[in-house]
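Notes to accompany the following structure.
There are 2 protein chains.
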Amino acid sequence: MSQTDYQGKLDEFRKYIRKIKHYEEAVGLIYWDLRTGAPKKGASERSEVIGELSTEAFRLSVSDQMGGYLDFFSDAARIEELDETNRRIVQEAKKEFDRSKKIPPEKYQDYVVLTSKAESAWEEAKEKNDFAMFQPYLEKIVETNLEFVELWGYKGHKYNTLLDMYEPGMTVEKLDEVFGALRSEVVPLLAEIKKAPQPDRSFLRQTFDKEKQKHFSLFILKELGYDFEAGRLDETVHPFATGLNPGDVRITTRYLPEDATSALFGTIHECGHALYEQNISEDLIGTNLCTGTSMGIHESQSRFWENMVGRSREFWSRYYADLQRTFPGQFDNVSEEAFYRAINHTEPSLIRIEADELTYNLHIMIRYELEKALFSGELKVADLPEAWNAKYREYLGIEADTNAEGVLQDVHWAGGSFGYFPSYALGNMYAAQFTNTLRKEIPAFDELLAKGDFAPIKQFLVENIYRYGKSQTPNEIVRRVTGEDLNPQYLVDYLKDKYKPLYGLS
Amino acid sequence: MSQTDYQGKLDEFRKYIRKIKHYEEAVGLIYWDLRTGAPKKGASERSEVIGELSTEAFRLSVSDQMGGYLDFFSDAARIEELDETNRRIVQEAKKEFDRSKKIPPEKYQDYVVLTSKAESAWEEAKEKNDFAMFQPYLEKIVETNLEFVELWGYKGHKYNTLLDMYEPGMTVEKLDEVFGALRSEVVPLLAEIKKAPQPDRSFLRQTFDKEKQKHFSLFILKELGYDFEAGRLDETVHPFATGLNPGDVRITTRYLPEDATSALFGTIHECGHALYEQNISEDLIGTNLCTGTSMGIHESQSRFWENMVGRSREFWSRYYADLQRTFPGQFDNVSEEAFYRAINHTEPSLIRIEADELTYNLHIMIRYELEKALFSGELKVADLPEAWNAKYREYLGIEADTNAEGVLQDVHWAGGSFGYFPSYALGNMYAAQFTNTLRKEIPAFDELLAKGDFAPIKQFLVENIYRYGKSQTPNEIVRRVTGEDLNPQYLVDYLKDKYKPLYGLS
Chain E
1 MSQTDYQGKL DEFRKYIRKI KHYEEAVGLI YWDLRTGAPK KGASERSEVI GELSTEAFRL
61 SVSDQMGGYL DFFSDAARIE ELDETNRRIV QEAKKEFDRS KKIPPEKYQD YVVLTSKAES
121 AWEEAKEKND FAMFQPYLEK IVETNLEFVE LWGYKGHKYN TLLDMYEPGM TVEKLDEVFG
181 ALRSEVVPLL AEIKKAPQPD RSFLRQTFDK EKQKHFSLFI LKELGYDFEA GRLDETVHPF
241 ATGLNPGDVR ITTRYLPEDA TSALFGTIHE CGHALYEQNI SEDLIGTNLC TGTSMGIHES
301 QSRFWENMVG RSREFWSRYY ADLQRTFPGQ FDNVSEEAFY RAINHTEPSL IRIEADELTY
361 NLHIMIRYEL EKALFSGELK VADLPEAWNA KYREYLGIEA DTNAEGVLQD VHWAGGSFGY
421 FPSYALGNMY AAQFTNTLRK EIPAFDELLA KGDFAPIKQF LVENIYRYGK SQTPNEIVRR
481 VTGEDLNPQY LVDYLKDKYK PLYGLS
Chain X
1001 MSQTDYQGKL DEFRKYIRKI KHYEEAVGLI YWDLRTGAPK KGASERSEVI GELSTEAFRL
1061 SVSDQMGGYL DFFSDAARIE ELDETNRRIV QEAKKEFDRS KKIPPEKYQD YVVLTSKAES
1121 AWEEAKEKND FAMFQPYLEK IVETNLEFVE LWGYKGHKYN TLLDMYEPGM TVEKLDEVFG
1181 ALRSEVVPLL AEIKKAPQPD RSFLRQTFDK EKQKHFSLFI LKELGYDFEA GRLDETVHPF
1241 ATGLNPGDVR ITTRYLPEDA TSALFGTIHE CGHALYEQNI SEDLIGTNLC TGTSMGIHES
1301 QSRFWENMVG RSREFWSRYY ADLQRTFPGQ FDNVSEEAFY RAINHTEPSL IRIEADELTY
1361 NLHIMIRYEL EKALFSGELK VADLPEAWNA KYREYLGIEA DTNAEGVLQD VHWAGGSFGY
1421 FPSYALGNMY AAQFTNTLRK EIPAFDELLA KGDFAPIKQF LVENIYRYGK SQTPNEIVRR
1481 VTGEDLNPQY LVDYLKDKYK PLYGLS
């Protein structure tokens, strides 16, 4: 095969990959539209459209044509001829291809139906506080996932294969190590904090005009460098970010009239996800690498901007006066320090999505331990509620009165998303580790926050993380940026440095 | 072939047609999004997505598989076995298939490029008032359309084939007859009106708060029966309606701060289009008949609701007080009668899109005469500006100082849309003819308008026009509803009945 033919085949393959991306972009836009304001009577026909386009995208990704490209370019000699980007494109496509091909189509179809029914069952079970209603579905989902793992293959723990879907390369061995280290420090810290008095937070619970909240959120988004020519902010019940392409990364938020900062921190969180996607390198557009490298790294960016930036003392030294001006009369008697302490309050609580920066990690570890035990066979689904409560007592010192507020609180398991939860805590750890590097590389880090000059910080993240998209693995990125593998000590130090002074601990 | 096999093949064909509709629905949503608020940096990649999906929809509609279905079901014996709806589906698909297949793909591709370049050239030519810049493009477009007509075939005048694309069954012979009759009455009426004094309109030109305009538009939409669970109202520079499916028919408008009624009548106009699409029968969803039957019938509905309803004396006897309350102090000294006269002012003007209900038809006839002459070979593109001006002198008694305000004012020809203009005047004629029937079928027509009780009127239109979608031809609908073919006398009578008293003519 001549060089020209080779290049021709590569162009053809890239065009093929791009076609799949185009279908996915269309589906992404349709979902965004359904969630932000599509009229409800059109939804049933629209879901047929989604089905049509998704099926076609899937068909393209597992077709014989795709198989042919992958066989050709995966050949040991030929893959060496590819440049780095093309090599990664082939590897990523092959990984997806192999994963999809190993599951018999009928089995996968049954599983889609099962999880769809399970989500309805979960909703009702949660409402009625009746775990038994949900139990048979969850048993079947775990069972099917175990079958999938057998088909996909696994190294070491079976759960590793599930982890790898969300965090490529992550293993039980590594998670046990980092979560263990984190827990051994966070649990005693929390115990100390429990003895200290809590800050006043009553002033965060007034009635806050929605338009003013929106105005302030938009202002902060601009300050942080969210590009409104490559995105937009809308309202939804559940906030999210969606990257359709790097020139169109949309975010949503929810304004609670009774809460001063829920929408704001939610917006900053989604902004972090969006900054990542808006700044993926142009040469990755139209490839399967034009997305975040993993759920954990993605979450590290939402957490970094929300917590390390948005909940910092320096940030509010710059913006608190703006907030006071936005809500005249509502913060007149609240000092900047009091506000800072209120938004950084920490306390064990039952509901993960309402948890604070410190306790959040414990909610995740509980779910991780339980998922791991389900997939090693040590825990039965029937025993989940009891195991859940035991873990909450052990890690957080509290226990839910109902399963609705306990084991039934999250939708993830009903959807079959085992291996997803750890991403949230990994995000916190990565964020702290990146922050440590940032502080070394940009010694004026705190002064920049205090000036509202985020450009150098954003620039560092763009250059070192964002632009790579999925062309490097999470671990490659962490090692290159920070000089070492994931290390939970940075999060431990960050949490201690932050919370000890806040609660007057030595 | 057994009955079961036959039914199976029919199901397969219907599924195939539905798939094409799903692609078109996705493309429709993407266009809506691009026009209502998609971030601009994402637009170039998004246009690739449109290209991908449109190409696939086109490929499906001209594929050998489609050809196979059409050969099978178009067979003289077999088509008789189909029920009415399926027969129309086959006929419509076959018409499209034959039309597309007759143009060599490279020729069509060249034409797409040509019209794309022509639109840019037209924009610049209009800006610089330089017809010569646009002339070579227009010559090539006319020439290519003539080639297409030869390939498609034609009966009688070549222009008939172009007319048929927008108004199935319409011919030069029929248009000459109806436009001739209309012109012979409208031109003298306009001459009489010119001698009468014009009503005061100064109060329509104040500064009107945008939010209040929006509020009033939304109020009127609800009153008219626009279903907000099957649609939404957004803002765009150029207002439009788009029916994605009958459960999702979106409209847009533009609020001019200096104009009290531009947005309102624009909204009612688009509402008319939307009421049509929202009320197409459910059993046509997912077929190629799930759309308006022609541009002319579609326009009849926008014009009916905008003019026969929205500009009627009875409508404002019900809603003028609401308008006064919406804009406190701005209409205090304006009587209902003065307002009614102001919004029904008529006067020859140069720009079609700003023309009133009476003169609008003359703008259309001018374009029709010129298009017809271009396609009969009687007129050369080079002579268009002069011919344009001569017609404006003859029909409207005025002449543009510049080609920008004359022959270059519309984008249609740059896009190759010859045969489209007549739809606008056909819409007015159909609307008047339907109104005549409505008044006979619903004798309380005026009282219903005066009460704001539009449900019986809408119901009549749903039952007799809307629900049929494209399953009947324009002429079948007009004959069934009104008992006769298109008859311009109804519009003549309507215009005389309306404008003579307004201008104090006997």
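Quick mapping for you: the protein sequence lines, in order, are chains E and X.
When the letters of the first sequence are read in order and numbered with the numbering used here, they come out as residues 1 to 506.
When the letters of the second sequence are read in order and numbered with the numbering used here, they come out as residues 1001 to 1506.
Built from N, CA and C at the ideal position, the CB exists for glycine as well.
CB-CB length for residue i against residue j, believed under 8 Å
{"i": "L60 of chain E", "j": "K102 of chain E", "result": "That pair is no contact at about 18 Å."}
{"i": "A274 of chain E", "j": "Y226 of chain E", "result": "6 Å"}
{"i": "D248 of chain E", "j": "G231 of chain E", "result": "7 Å"}
{"i": "G1153 of chain X", "j": "E1173 of chain X", "result": "Contact doesn't hold; Cβ gap of about 17 Å is too wide."}
{"i": "S349 of chain E", "j": "E336 of chain E", "result": "Going by Cβ atoms, the distance from S349 of chain E to E336 of chain E rounds to 26 Å, so no, they are not a contact pair."}
{"i": "I1268 of chain X", "j": "I1220 of chain X", "result": "7 Å"}
{"i": "Q433 of chain E", "j": "L495 of chain E", "result": "Actually they are not in contact, since the Cβ atoms of Q433 of chain E and L495 of chain E sit about 13 Å apart, beyond 8 Å."}
{"i": "Y1360 of chain X", "j": "Y1424 of chain X", "result": "7 Å"}
{"i": "S1217 of chain X", "j": "A1263 of chain X", "result": "6 Å"}
{"i": "I1465 of chain X", "j": "I1457 of chain X", "result": "Actually they are not in contact, since the Cβ atoms of I1465 of chain X and I1457 of chain X sit about 12 Å apart, beyond 8 Å."}
Proximity winner among the options, relative to residue i (alpha-carbon distances)
{"i": "L53 of chain E", "options": "E:S74, E:D75 and E:V27", "result": "E:V27"}
{"i": "C1271 of chain X", "options": "X:E1282, X:G1296, X:V1309 and X:T1359", "result": "X:V1309"}
{"i": "K391 of chain E", "options": "E:L29, E:F460, E:E314 and E:L362", "result": "E:L362"}
{"i": "T252 of chain E", "options": "E:I17, E:Q433, E:L461 and E:A241", "result": "E:A241"}
{"i": "T473 of chain E", "options": "E:E447, E:H298 and E:F375", "result": "E:H298"}
{"i": "S63 of chain E", "options": "E:I79, E:L114 and E:S100", "result": "E:S100"}
{"i": "S281 of chain E", "options": "E:N129, E:Q459, E:L70 and E:L502", "result": "E:Q459"}
{"i": "H1345 of chain X", "options": "X:I1020, X:A1196, X:D1011 and X:V1049", "result": "X:A1196"}
{"i": "P422 of chain E", "options": "E:A400, E:D453, E:E369 and E:G469", "result": "E:E369"}
{"i": "F375 of chain E", "options": "E:E56, E:V149 and E:E81", "result": "E:V149"}
{"i": "R1035 of chain X", "options": "X:P1239, X:I1457, X:S1300 and X:F1304", "result": "X:P1239"}
{"i": "G169 of chain E", "options": "E:G42, E:G483 and E:S294", "result": "E:S294"}
{"i": "E1012 of chain X", "options": "X:S1047, X:M1066 and X:A1038", "result": "X:M1066"}
{"i": "L1070 of chain X", "options": "X:K1041, X:Y1016, X:N1245 and X:E1119", "result": "X:Y1016"}
Bridge partners - residue i, DSSP secondary structure assignment
{"i": "G1243 of chain X", "result": "X:V1249"}
The ligand ATP heavy atom lying under 7 Å from the CB of residue i
{"i": "A425 of chain E", "result": "You won't find the ligand ATP in this model; it holds no ligand whatsoever."}
Helix, strand or coil at residue i according to DSSP, with G and I counted as helix
{"i": "L233 of chain E", "result": "strand"}
{"i": "H1412 of chain X", "result": "coil"}
{"i": "K155 of chain E", "result": "coil"}
{"i": "A404 of chain E", "result": "coil"}
{"i": "E399 of chain E", "result": "coil"}
{"i": "I1050 of chain X", "result": "helix"}
{"i": "M1365 of chain X", "result": "helix"}
{"i": "N145 of chain E", "result": "helix"}
{"i": "Q1198 of chain X", "result": "coil"}
{"i": "V334 of chain E", "result": "coil"}
{"i": "N1307 of chain X", "result": "helix"}
{"i": "G507 of chain E", "result": "What the structure shows of chain E is the stretch from 1 to 506, and residue 507 of chain E is not part of that stretch, so it cannot be assessed."}
{"i": "Y420 of chain E", "result": "coil"}
{"i": "P385 of chain E", "result": "helix"}
{"i": "S262 of chain E", "result": "helix"}
Classification of residue i by the beta-carbon crowding that lies within 10 angstroms, buried from 16 upward
{"i": "F208 of chain E", "result": "buried"}
{"i": "N1428 of chain X", "result": "buried"}
{"i": "N403 of chain E", "result": "buried"}
{"i": "S1506 of chain X", "result": "exposed"}
{"i": "F445 of chain E", "result": "buried"}
{"i": "V1112 of chain X", "result": "exposed"}
{"i": "H951 of chain X", "result": "No information on residue 951 of chain X is available, as it lies outside the stretch 1001 to 1506 that chain X covers here."}
{"i": "R205 of chain E", "result": "exposed"}
{"i": "K498 of chain E", "result": "buried"}
{"i": "P105 of chain E", "result": "exposed"}
{"i": "G1469 of chain X", "result": "buried"}
{"i": "V411 of chain E", "result": "exposed"}
{"i": "T1004 of chain X", "result": "exposed"}
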